[in-house]
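Number of protein chains: 2
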Amino acid sequence: MGPPDPRPIGVFDSGVGGLTVLRALRARLPGESMVYLGDTARVPYGTKSAEVVTRYSLRNAAFLTAQDVKLLVVACNTASSVALPALRAALEVPVVGVIEPGARVAARASRSGKVGVVGTPGTIASGAYQRALLAERGDLRIQVQACPLLVPLAEEGWVSGEVPRLVARAYLAPMRQAGIDTLVLGCTHYPLLRGVLAEELGPEVALVDSAEATADEVEALLRRGAVRPAPAGGGSLRVVVTDTPDRIPELSARFLGERVERAEHVDIQAG
Amino acid sequence: MGPPDPRPIGVFDSGVGGLTVLRALRARLPGESMVYLGDTARVPYGTKSAEVVTRYSLRNAAFLTAQDVKLLVVACNTASSVALPALRAALEVPVVGVIEPGARVAARASRSGKVGVVGTPGTIASGAYQRALLAERGDLRIQVQACPLLVPLAEEGWVSGEVPRLVARAYLAPMRQAGIDTLVLGCTHYPLLRGVLAEELGPEVALVDSAEATADEVEALLRRGAVRPAPAGGGSLRVVVTDTPDRIPELSARFLGERVERAEHVDIQAG
């Protein structure tokens, strides 16, 4: 399968939520170098149109391919749900989104065949999870819910107590009524709210974190030699954002689980 | 004071929140034509840096001056708090922001001299309200609070009931403790949450809506002839957005109080 490939893995997201995907990747693949791009000057993508999200995604990918990445991970659910075809057409390296891996794990995990998906308005409206789940397993009954309040709750660190519990209860009531046994956390911010979501649904409902599923998929690509792994030794990490990086030390501690003191700032075109 | 000036008044905001300012302007000045630009492809500004907000604001202003406006209203609190000097330096027409008018009304309204300001993280961090209030009245004691959850609550129409009440209670607790008698609603979305905010603070606290105060200021400029008013007859309205206008009919009904069925879409530079 040829010599090791020291080029980094590129990861982009609309902001800092994708750091939960980066976290899973780094835990799984400590030898790989990674470049993370957070488009914080345009965050969030979840409330914007497919056209605008695709345009921003192509630009993020162009920045990362200029960093000579060997593989691109689209760590943003909204971008994965609308921009993957355009990204795959434009790039020569493999492109992994977060939708298909999460859908695959959920389709396998469900015994009752009743699966729920929570995500941003953009992700839910795209129908991407619904299509990916049915492609895995045609007999699934799928209940979806857009949850626009969960991203600001997670970013503000408002992840336990009465407010997130009531918000979760309102969003999840139709899920409970539908009797789902598996819930896909279809947004990279939602793992931070895992506690309240799990509490509202009860212990009999399995929560599927797309970040973990995506890291599994990337690991499999490297193991199968579809992309050659890095040479032995520790991988490096660069974090780049399009707005000023002032809040990155704090937010990286929360989302990545390690404090990134020196994030770089880049002005992607005149955006 | 010269012949009437039929040119429109230009209004921009990061998204749809500024429609509450447009609403106040149209109620006050029904004869004036208006062009509203909502930068919905980059919304929100409130969580972004001053540098990025200034860049976006200059672009929005350039679009509106190309529409030959006679006056520019910056209907976004975040943009008003960081970009006014740059806008005034760049433009030849008068520029009115929402901070100074709101601060003026609040400074006059307060008897106790204890004034509260709620706004986005960007607005509060800029210190613009604090400076404007102290410029009006040096003896004020000012309590500020960034309220990042209120914008998504207003946009989702979640404006009454337990969730917004608990969120408002958490944000306003320090205000109550400080004994304010006047609260500035320092974000164009907040008038939609006026009910729960007023309920939490009690009837003895006056709420100042910057939209109304700004419309007063624009009316005064026209009355004093600083800008010449339109000729007799009804003014026209154009609403332009940078993302697809799919949700504008619904959101304009909520924020503007009239349903704009045909908003235009414009792609401001390669943003």
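Protein sequence lines, in the order shown, are assigned to chains H and B.
Using my numbering, you'd call the opening residue of the first sequence number 97 and step up by one each time.
Using my numbering, you'd call the opening residue of the second sequence number 97 and step up by one each time.
We put the beta carbon where it would ideally sit given N, CA and C, even for glycine.
No experiment lies behind these values; they were computed from the predicted model shown.
Between the CA atoms of residue j and residue i - distance to the nearest angstrom
i      : j      : result
B/D339 : B/H361 : 7 Å
B/G193 : B/S176 : 5 Å
B/A322 : B/D164 : 17 Å
H/E354 : H/S348 : 6 Å
H/V280 : H/P260 : 18 Å
B/E296 : B/P270 : 12 Å
H/E357 : H/P345 : 5 Å
B/T136 : B/D363 : 11 Å
H/L303 : B/G275 : 45 Å
H/A158 : H/V255 : 34 Å
B/V112 : B/G134 : 6 Å
H/L115 : H/R334 : 12 Å
H/T278 : H/R290 : 13 Å
B/S222 : H/R343 : 15 Å
H/R122 : H/G253 : 23 Å
H/G127 : B/E147 : 37 Å
H/A203 : H/Y286 : 19 Å
H/L118 : B/S206 : 50 Å
B/V191 : B/A162 : 15 Å
H/A366 : H/G298 : With a pLDDT of 46 at H/A366, under the threshold of 50, the modelled position of this residue cannot be trusted, and the question is left open.
B/L352 : B/Q226 : 28 Å
B/P99  : B/R124 : 21 Å
H/R350 : H/T284 : 13 Å
Own chain, CB closer than 6 Å to residue i, minus 5 neighbours either side, in chain order
i      : result
H/A120 : A307, E308 and A311
H/Y267 : Q241 and C243
B/L293 : A264
H/A224 : S177 and I195
H/G106 : V131, L160, V165 and L168
B/L288 : A250 and V255
H/R138 : Y152
H/D101 : K166 and R324
H/V336 : L133, E360 and V362
Exposure label - residue i; buried when at least 16 CB within 10 Å
i      : result
H/D305 : buried
H/E300 : exposed
B/A359 : buried
B/E251 : buried
H/D109 : buried
B/G212 : buried
B/G257 : exposed
B/R319 : exposed
B/A328 : exposed
H/G282 : buried
H/P341 : buried
Spatial neighbours of residue i in its chain, beta-carbon cut-off 7 Å, leaving aside the 5 residues before and after
i      : result
B/D235 : G209
B/V149 : Y141, T174, A175, V178, A179 and G218
B/A326 : P100, D101, P102, G127, E128 and S129
H/L262 : none
Residues near residue i by beta carbon distance below 8 Å, same chain, minus five either side
i      : result
B/S332 : P104, S129 and M130
H/A182 : T150, S153 and L154
H/Q239 : K210, V211, G212, V213, P270, M271, A274 and I276
B/G330 : P126 and G127
B/Q237 : Note that residue 237 of chain B is Arg in the sequence shown here, rather than Gln. Closer than 8 Å at the Cβ level, and outside the excluded window around B/R237, lie G209, K210, V211 and A274.
Partners in chain A for residue i, counting only beta-carbon separations shorter than 9 Å
i      : result
B/L289 : Considering every chain present, this structure includes no chain A. Its protein chains are H and B.
The ligand MN heavy atom lying under 8 Å from the CB of residue i
i      : result
H/A266 : Among the ligands in the structure shown, none appear at all, so the ligand MN cannot be discussed.
Three or more C-beta pairs closer than 8 Å, one from the segment 193-207 of chain H and one from the segment 219-233 of chain H: is that the case here? With a cut-off of 8 Å, the segment 219-233 of chain H and the segment 193-207 of chain H count as touching, because enough Cβ pairs lie within range.
Would you call the segment 134-143 of chain B and the segment 214-222 of chain B touching, i.e. three or more CB-CB distances under 8 Å? They touch, by the three-pair rule.
Contact between the segment 180-199 of chain H and the segment 151-165 of chain H: three or more CB pairs below 8 Å? Contact holds: three or more Cβ-Cβ distances are below 8 Å.
Would you be able to state if there are at least three C-beta pairs under 8 Å between the segment 162-171 of chain H and the segment 160-178 of chain B? Contact fails: fewer than three Cβ-Cβ distances are below 8 Å.
Using 8 Å as the Cβ pair cut-off and three pairs as the minimum, do the segment 236-251 of chain H and the segment 313-328 of chain H touch? In this structure the segment 236-251 of chain H does not lie against the segment 313-328 of chain H, because fewer than three pairs of beta carbons, one per stretch, are closer than 8 Å.
Chain H contacts from the segment 258-281 of chain B (Cβ-Cβ distance under 9 Å): Contact annotation: in the segment 258-281 of chain B, residues whose CB is within less than 9 Å of a CB in chain H are E258, V259, L262, V263 and A266.
So if I threshold CB-CB distances at 7 Å, which residues from the segment 136-155 of chain B count as touching chain H? So the list reads A137, R138, K144, S145, E147 and V148, given in the order they occur along the chain.
Below 9 Å between beta carbons is the criterion; list the residues of the segment 317-339 of chain B that meet it against any residue of chain H, in chain order. From the segment 317-339 of chain B, only T338 and D339 have a Cβ closer than 9 Å to chain H.
Near-chain B residues of the segment 234-247 of chain H - C-beta to any C-beta below 7 Å: Answer set for the segment 234-247 of chain H: P244 and L245.
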